[in-house]
């Protein structure tokens, strides 16, 4: 019964959300999961199972006392979970069987008695051997294939960025490397050339004028860490349909401003509204449900979940299935899982992401970036914050990123793009905000920013 109930919970939206919280609670909260509520709920569920186990033990012993559950047994429970594996439904049961092997010594002579007499030596060896075995990617994939249905086969190879092609069209020769620089330099410059040409193509594409309603408004935002002012009087208005670039030198306050808008940091001064509502005191989960989604400068994935489950968690965070349906695997829970899976496939296709039923371990950096974007889109945001999506990517991959950001444009959505690659900024944004030392240095279109002496001195050089 316990296995059935827990199995239903773990296969449901609630179980996937707990997996996300286990791997990275910050990004889980960033897609709208109320982390404290879910942890409390799961704690209560496990306590109820413990209470039932205690009741059965008392009934079996025909009495209750402190000695019924000694301190040593508490340690044995932890060891059993460790041996069996906490990520597997029957891990605790398997570990308990191994742990009680010492009782075999009373069963007779021969191998049974030897195993019972040397229990701790055997358990010690297993403790050294099992963890590396269970963390092996091939073993993890085998377990997934055994206990999950409708899983796509996973390739053992890691995606590699496409190489620069020879025979570039007219205009490529302007950035070709002299022969004496060697093949590596020529390939690097050819990659940069490809990114520039893709940027020009997207830049020249017609863009709708951002005349939409105000989605987010930040007024005189001030953020201080002790005596350090990370942000000092920064203001920004985002309208539906526009893409705004946020640039500046390292330490200028770009990521701090993103964290303030997302609710990770709470500003001490100023005012922030989202869709006309005051969100000054709201946390990341509330703001995500209200319409803010983000990616991260350093990719924050959930290794215990498949890419499909990443997107499903975000898509189901706003309207989770009730607890009873999850525990009993009722039709409501099953149908919701199917709908979320279909939605995940749709979003993965929209960003060009494949192999979403494997593990994220085999994903290259471009694929991880696409996964983060798909996860953010699953929230159905009105404000999308992209924090350096090109970080860690090869220049060959920049054209695809430029094209993807262009496709993210939506008349009902505003996008903030933090990026150091000026080619990407120039190709994708409508206007630019420049920060320096936590203050607003300049704002305007690309030409205005390029010709601003203060910006050239502080950032562009």
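Numbering (the working numbering), first residue to last: 2 to 462.
C-beta atoms are modelled at their ideal positions from N, C-alpha and C, and glycine is treated no differently.
All values reported here derive from a predicted model rather than from experimental measurement.
Query, Result
"Per the DSSP calculation, residue 220 is bridged to which residue(s)?", "272"
"Can you give me the Cβ contacts of residue 272 inside the same chain, cut-off strictly under 6 Å, excluding the 5 residues immediately before and after it?", "220"
"For residue 36, which residues in the same chain have their Cβ closer than 8 Å to its Cβ, ignoring the five residues on either side in sequence?", "22, 26, 29, 30, 286"
"Within the same chain, show all residues whose beta-carbon is closer than 6 Å to that of residue 426, passing over the 5 residues directly before and after it, in chain order.", "246, 420"
"Assuming contact is defined by CB atoms lying nearer than 8 Å, are residue 409 and residue 391 in contact in what I supplied?", "no"
"Can you grab the Cα-Cα spacing for the pair residue 399 / residue 15, in whole Å?", "36 Å"
"Which stretch, first to last residue, makes up the alpha helix (DSSP H) that contains residue 74?", "72-85"
"Indicate whether residue 250 and residue 459 have their beta-carbon atoms separated by less than 8 Å.", "yes"
"With DSSP run on the structure shown, which of helix, strand or coil describes residue 413?", "coil"
"What residues in its chain sit with their C-beta under 6 Å from that of residue 290, if we drop five residues either side in the sequence?", "33, 319"
"Please report how far the alpha carbon of residue 261 lies from the alpha carbon of residue 270, in whole angstroms.", "11 Å"
"Flag this pair as yes or no: are the beta carbons of residue 416 and residue 244 separated by less than 8 Å?", "yes"
"Does the segment 327-340 touch the segment 364-380, meaning 3 or more C-beta pairs lie closer than 8 Å?", "no"
"Say whether the segment 71-89 touches the segment 351-361, bearing in mind that this needs 3 or more beta-carbon pairs closer than 8 Å, one atom from each stretch.", "no"
"Less than 7 Å between C-beta atoms, sequence neighbours within five positions excluded: which residues of the same chain meet that for residue 92?", "82, 85, 86"
"State the CB to CB distance for the pair residue 234 and residue 440, rounded to an integer number of angstroms; the pair is presumed to be in contact (CB under 8 Å).", "7 Å"
"Would DSSP call residue 461 helix, strand or coil?", "helix"
"State the CB to CB distance for the pair residue 412 and residue 242, rounded to an integer number of angstroms; the pair is presumed to be in contact (CB under 8 Å).", "5 Å"
"Use the C-beta contact count for residue 267: other C-beta atoms within 10 angstroms, 16 or more gives buried, fewer gives exposed.", "exposed"
"Please return the same chain residues whose Cβ sits closer than 7 Å to the Cβ of residue 17, not counting the five positions on each side in sequence.", "306, 310, 313, 314"
"First and last residue of the alpha helix (DSSP H) that includes residue 470?", "With the chain represented from 2 up to 462, any question about residue 470 goes unanswered, as that position is not in the structure."
"Taking only three categories from DSSP, how would you classify residue 231?", "strand"
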